[in-house]
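Residue numbers for the sequence shown follow my numbering, beginning at 45 and rising by one.
No residue lacks a Cβ here, since even glycine has one placed at the ideal position from N, Cα and C.
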Amino acid sequence: MTGGEGQQHETKLIKQNKDSSSSKTSEPWEKSNHPLFFHHSDQPGAVLVAQPLMEDNYTAWAQSMDMALAIKNKKGNIDGTLKRSTHNPDEQQQWDRCNILVKTWLLASMSKEISRSVAQCKNARGIWLDLQERFCHTNTVSLFNIENAIHDCEQGTNSVTTFFTELKSLWDEKDTLCALPPCSCDAATEVTAYMESQKTMKFLMGLNENYAMIRSTIIGMDPLPNVNKAYSLALRHEKQAEVSSGKSALPQEVSAFAAKKAMANPG
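In structure tokens form, the structure reads like this:
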């Protein structure tokens, strides 16, 4: 074999090796966007939420954990969308590893007492469903308390901002407990508009009598503005009232100063 033929032979072997390497298909879960992919930061037993699950914070905990698992691309392990393969042993093994990982995350993010009660669940979804069934009855009690708090929420002597912030936090809590499912039907827009109008009405009803004029103005608008717009108008009214009261107080202060000066210099 001549030198030229030898070089050609080596080039051919290198090309064959490259072709054989490229022909090896990587597993789907080796791609970073696959739900079975393991990132180097995915450590067993990591605490994903700020507050551990206790007996009285299930709704907030579940919402935080749901978001944390969505960020990790592991939400499929609790909502049942990530099924275990029935025919691929390698994928089954990867699924089992991923399931154990998510189980450790869930167990590390709850109190020791609750953790012991679900530690023997077969998979992460089993833990999720067990907790959901166990604590769902508390939602009814919480919803009753929130509805009661919304009913009693009034401005009183507070500022418009303080009143609105308190009321909005109660609405947000209520929406977390009983959020309506997504809907694209024709009535969805009307239902949403009705719910928004109810919020505006409640906000206006809770304002004190100093806002009677702006309340009447807002109620007379067609269409009725949403609650954020109503808050903006009430806040503007509050700021204008503060400016007016400041101007009216100024002449009184000048008169009082003049009277004091006259008394100090009677001659």
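Run the CB neighbour count on Tyr238, radius 10 Å, all protein chains shown included, and call it buried at 16 or more, exposed below. exposed
Measuring straight from C-alpha to C-alpha, what distance separates Lys116 and Glu253? 50 Å
Among Ala112, Glu135, Asp86, whose alpha-carbon lies nearest the alpha-carbon of Trp73? Glu135
Would Val93 pass as a contact of Ala114 if the rule is Cβ separation under 9 Å? no
DSSP puts Met154 in a beta bridge; with which residues? BP columns for Met154 point to Leu97.
With a threshold of 7 Å on Cβ separation, who are the neighbours of Asn270 within its own chain once the five nearest residues in sequence on each side are excluded? Glu240, Thr244
Alpha-carbon to alpha-carbon, Glu234 and Gln107: Their Cα atoms are separated by approximately 27 Å.
Helix or strand or just coil, what does DSSP make of Cys180? helix
Quick one, which of Lys218, Glu177, Cys227, Thr205 has its alpha-carbon nearest His195's? Nearest Cα to His195 within the set Lys218, Glu177, Cys227, Thr205: Lys218.
I'd like to know if the segment 85-99 and the segment 125-141 are in contact, where contact means that at least 3 CB-CB pairs between them fall below 8 Å. no
DSSP state of Gln199 mapped onto helix, strand, coil: coil
Could you pull the start and end residues of the alpha helix (DSSP H) that Gln242 belongs to? 231-250
Give the secondary structure of Lys75 by DSSP, where H, G and I count as helix, E and B as strand, and everything else as coil. coil
Cβ-Cβ separation, Leu97 to Ile158 (assumed contact under 8 Å), whole Å: 6 Å
Does Arg160 pass the burial test, meaning 16 or more other C-beta atoms within 10 Å, or should it be called exposed? exposed
Using only CA atoms, which one of Val204, Lys246, Asp230 lies nearest to Ala278? Val204
As assigned by DSSP and simplified to three states, the class of Leu92: Three-state result, Leu92: coil.
Answer yes or no: do Pro79 and Cys142 have a C-beta to C-beta separation smaller than 9 Å? yes
For the putative contact between Met109 and Ser153, defined by C-beta atoms under 8 Å, what is the C-beta separation to the nearest angstrom? 6 Å
Contact set for Leu126: own chain, Cβ-Cβ below 7 Å, skip 5 residues either direction: Pro79, Gly120
Closest Cα partner of Ala274 within the set Cys227, Thr220, Lys212: Lys212
Would Arg160 pass as an interface residue toward chain D - the criterion being a Cβ-Cβ separation below 9 Å? Among the chains of the structure shown, chain D does not appear; only one protein chain is present.
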